[in-house]
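Below: one structure, written as structure tokens.
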Amino acid sequence: MPAKIFSIANQKGGVGKTTTAVNLSAALARRKIRTLLVDMDQQASATSALGIEKKQGASLYKVMCGEGSANDKVLPTGRDRLSIIPSEVDISAIEVELSGSENYLLRLKECLEPLKNSEEYDAIIIDAPPSLGLLSMNSLAASDYLLIALQCEYLAMEGLGQILGVVEQLQNAGVSDSLQLGGVVMTMYDSRTNLSKQVVNEVRAHLGDYVFKTMIPRTVRLAEAPSFGRTIFEHARFNEGSFAYDKLAKEIINRFALKK
Ligand code: ADP
Ligand code: MG
1398 MPAKIFSIAN QKGGVGKTTT AVNLSAALAR RKIRTLLVDM DQQASATSAL
1448 GIEKKQGASL YKVMCGEGSA NDKVLPTGRD RLSIIPSEVD ISAIEVELSG
1498 SENYLLRLKE CLEPLKNSEE YDAIIIDAPP SLGLLSMNSL AASDYLLIAL
1548 QCEYLAMEGL GQILGVVEQL QNAGVSDSLQ LGGVVMTMYD SRTNLSKQVV
1598 NEVRAHLGDY VFKTMIPRTV RLAEAPSFGR TIFEHARFNE GSFAYDKLAK
1648 EIINRFALKK
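Heads up, the sequence shown is in this note's numbering, so the first residue is 1398 and it goes up one at a time.
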């Protein structure tokens, strides 16, 4: 069965995309799902969150420009069933390099195609950058499912229409035949505040069951883990953040039938 490809996206920065991409990937791998994390953000924070040293030439930049293959960029992370394709600062040059060139929205999709069909992975998780630029568009076009990370804060839904609009555009333009909204992950949930509850209710009213049951709590453990190059499972195994990402993984395995 080909791997299912997910983009964790939202054009807003600081909403928990990378934290979710990293810890969801780790949680899936722990649940026996062979997972490849693809870091598409020039900040390369998913790369360093897994303790992988940033290295020039390590990303998909050249491959997206037609040189070499994505398989050569895959690195082990030292964790069972979890591999990564790192990012690097250079990857932002893609925006200039590719704009206007042929199939410029499909470059990542083409790069990942052999990995998708290699039978080596069950899930490929793309950590998308905080924009709706060319890298994000490529991430979406390469994906089967968009997973939106939405922070439980005032105006959380602002900009939601925009990213869903991009999905529709890609579908209508025939760029992506498979892309669908897969779900919405509510992040940085604070059960002590009414605001968090109100935001979740409002989002549920609009998006219903697209919203995952599992909400990711705000906890300092999730914020500090990346500075040690650790996932939440290595940093604070019995923290509520660990439990939440494990539960989310379970939901995702079921929703998208990731288990064979
Ligand atoms: P994005 O990738 O959308 O820019 P990040 O995942 O990098 O967002 O998160 C932004 C900041 O918020 C980071 O400092 C991160 O450590 C912190 N953060 C993310 N999720 C949580 C959480 N559930 N609880 C506490 N801090 C969080
Ligand atoms: Mg990020």
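For each residue, glycine too, the CB sits at the ideal point set by N, CA and C. Being a predicted model, the structure only gives us computed values, none of them experimental.
Starting from the C-beta of residue i, find all residues in its chain whose C-beta is less than 7 Å away, skip the five residues before and the five after it, and write them out in chain order.
i: residue 1449; result: 1472, 1474, 1481 and 1483
i: residue 1656; result: 1650
i: residue 1369; result: Because the chain spans 1398 through 1657 in this model, residue 1369 falls outside it and cannot be assessed.
i: residue 1514; result: 1399
i: residue 1553; result: 1547, 1596 and 1600
i: residue 1453; result: 1485 and 1487
i: residue 1571; result: none
i: residue 1551; result: 1592
What do you get for residue i, buried or exposed, if any count of 16 or more other CB atoms within 10 angstroms of its CB means buried?
i: residue 1583; result: buried
i: residue 1526; result: buried
i: residue 1432; result: buried
i: residue 1638; result: buried
i: residue 1424; result: buried
i: residue 1485; result: buried
i: residue 1478; result: buried
i: residue 1589; result: exposed
i: residue 1642; result: buried
i: residue 1426; result: buried
i: residue 1420; result: buried
i: residue 1646; result: buried
i: residue 1600; result: buried
i: residue 1563; result: buried
i: residue 1608; result: buried
i: residue 1518; result: buried
i: residue 1602; result: exposed
i: residue 1520; result: buried
Spatial neighbours of residue i within its chain, please: CB distance less than 6 Å, with the 5 preceding and 5 following residues excluded, ordered by chain position.
i: residue 1653; result: 1401
i: residue 1417; result: 1405, 1546 and 1582
i: residue 1523; result: 1404, 1435, 1437 and 1536
i: residue 1644; result: 1611
Near residue i, what residues of its chain come up, given a Cβ to Cβ distance below 8 Å and the 5 sequence neighbours on each side ignored?
i: residue 1567; result: 1502, 1534, 1537, 1538, 1573 and 1576
i: residue 1586; result: 1549, 1593, 1597, 1612, 1613, 1614 and 1615
i: residue 1495; result: 1461, 1462, 1501, 1504 and 1531
i: residue 1542; result: 1401, 1402, 1403, 1404, 1576, 1577, 1578, 1579, 1580 and 1653
i: residue 1408; result: 1527, 1528, 1529, 1533, 1556, 1559 and 1560
i: residue 1507; result: 1500
i: residue 1621; result: 1632
i: residue 1470; result: 1455, 1456, 1457, 1460, 1482 and 1483
i: residue 1411; result: 1527 and 1548
Using the DSSP secondary-structure output, state which residues sit across from residue i in a beta bridge.
i: residue 1577; result: 1542
i: residue 1522; result: 1403 and 1434
Got a sec, what are the start and stop residues for the alpha helix (DSSP H) residue i sits in?
i: residue 1495; result: 1491 to 1495
i: residue 1507; result: 1504 to 1513
Whole beta strand (DSSP E) elements within the region 1529 to 1574, 3-residue minimum: As far as the region 1529 to 1574 is concerned, its whole beta strand (DSSP E) runs of at least 3 residues are 1542 to 1548.
Start-end ranges of the alpha helix (DSSP H) lying completely within the region 1451 to 1488, minimum 4 residues: Runs of alpha helix (DSSP H) with 4 or more residues, each lying fully within the region 1451 to 1488, are found at 1458 to 1461, listed in chain order.
Whole runs of the alpha helix (DSSP H) within the region 1579 to 1653, excluding any shorter than 4 residues: Given a length threshold of 4 residues, each whole run of the alpha helix (DSSP H) inside the region 1579 to 1653 is given here in chain order: 1591 to 1604, 1617 to 1621, 1629 to 1632 and 1637 to 1652.
Length at least 3, wholly inside the region 1420 to 1445: the beta strand (DSSP E) runs in chain order: For the region 1420 to 1445, whole beta strand (DSSP E) runs of length 3 or above, ordered along the chain, are 1432 to 1436.
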